[in-house]
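S.K.: One structure follows; several queries about it will come next.
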Amino acid sequence: MPKRVAAFFYNRLTGLRDFLSLKLTGAYPRPFYVHVEINNTCNLDCVMCPRDRLTRRLTLMDSGLFRSVIRQLAGMGVPSVSLFLFGDPLCHPRLAELVAFARENGIAPEINTNAMVLTEERGRELLDAGLKTIIFSVDGVTPEVFAEVRRGGDLERVRANILRFLDLADRHRPRPTTVIQYAVSKLNEHEVDGFRAFWEGRVDRLNFTRVTEYAGIEGLKTYEYKTQERRPCPDTWSKMVILADGTVTTCCLDLNGELGMGDA
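In numbering that gives the first Met the number 0, the protein residues as written are 0 to 263.
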């Protein structure tokens, strides 16, 4: 039986096990989603990003470490990984190779990108590698607002790159899930309707999020949104994070690995 087919059935069986475990005990026996930060480098300086407080060394995840992590996750039956956290994965020169390795081990890979360097060649490579989901972060409709939020970005270039990729994806089998994401702030909330009008129907899903508050990090005053009611985060019981240097932590907002539990 081909490796990918075997992995498919294995993941379905472990998914059933997880469902029964959740119903009986209230807890998952394994993470069902893992952030594997393949790089913490980025080509933009977005106003809502706390990267100016990043004290970790800027780096790409060692390829040997990545392969070890993916094999371990596959052995646990983890069904999907996000190859993204505090960096843009397209800044990794071997992204398609990493996507393919995850796929070969039965894990569905997802990325989130600003699409600035999504050339036609790289788009084809990602499709051929078996990318499962791609999320495009586009936080503006007019060039002026986009440039204010996504500092260093070029809206027309981003749009052209995304539309070309969507055209390639529509002609590719299997076709990845495509998502456009909009982080709403007081800088761009007046463009939400225009954003919806432009992108709706072009992608599988639109995501609207509020700008994230990062614990212990002050200074994101651009947004001034009141903190919602504080409540326990459920992700600690279902997700895991592996930073580019191998630090394992419980929280996807743990910018500098301060909650590190170990080293992958």
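From the three backbone atoms N, C-alpha and C, an ideal C-beta is built for every residue, glycine too.
What you are looking at is a predicted structure, and each value in this text was computed from that prediction instead of being measured.
Among the residues of its own chain, which have a CB less than 7 Å from the CB of residue 199, if the five just before and after it don't count?
M.R.: 205
S.K.: In whole angstroms, what is the alpha-carbon distance linking residue 297 and residue 141?
M.R.: Residue 297 is absent from the model: the chain starts at 0 and stops at 263.
S.K.: Taking C-alpha atoms, which residue in 244, 122 and 230 lies nearest to residue 63?
M.R.: The option with the nearest alpha carbon to residue 63 is 244.
S.K.: State buried or exposed for residue 235, treating a residue as buried only when at least 16 other CB atoms are found within 10 Å of its CB.
M.R.: exposed
S.K.: For residue 34, which three-state DSSP category applies?
M.R.: strand
S.K.: Rounded C-beta distance between residue 114 and residue 157? I'm assuming under 8 Å.
M.R.: 5 Å
S.K.: State the DSSP-derived secondary structure class of residue 160, mapped to helix, strand or coil.
M.R.: helix
S.K.: Can you name the residues that DSSP bridges to residue 108?
M.R.: 80
S.K.: Does the beta-carbon of residue 198, which I'm using as the reference point, lie nearer than 6 Å to any heavy atom of the ligand HEM?
M.R.: No copy of the ligand HEM occurs in the structure displayed, which carries no ligand at all.
S.K.: Look up residue 262 in the DSSP assignment and give the residues it is bridged to.
M.R.: Partner(s): 246.
S.K.: Just curious, the beta strand (DSSP E) that residue 204 is in, first and last residue?
M.R.: That run of the beta strand (DSSP E) goes 204 to 209.
S.K.: Figure out for me which residue from 168, 138, 66 and 89 has the closest Cα to the Cα of residue 155.
M.R.: 138
S.K.: May I ask you to report which of helix, strand or coil DSSP gives residue 135?
M.R.: strand
S.K.: Which same chain residues, not among the five before or five after residue 219, have their C-beta less than 6 Å away from its C-beta?
M.R.: Residue placement at residue 219 is poorly supported in this model, since its pLDDT is 48, which falls under 50; the coordinates still yield a value, given next. So no residue of the chain qualifies.
S.K.: If I follow the unbroken alpha helix (DSSP H) through residue 144, where does it start and stop?
M.R.: 142 to 148
S.K.: Using DSSP with H/G/I as helix, E/B as strand and the rest coil, what is residue 118?
M.R.: coil
S.K.: Got a sec? Which residues, its chain only, sit under 8 Å from residue 167 by beta carbon, not counting five neighbours each side?
M.R.: 119, 122, 123 and 126
S.K.: Determine the DSSP secondary structure at residue 60, reduced to helix, strand or coil.
M.R.: coil
S.K.: Nearest to residue 187 by alpha carbon, out of 147, 60 and 175?
M.R.: 147
S.K.: Please classify residue 176: does DSSP put it in a helix, a strand, or coil?
M.R.: In the structure shown, residue 176 adopts extended strand secondary structure according to DSSP, grouped into three states.
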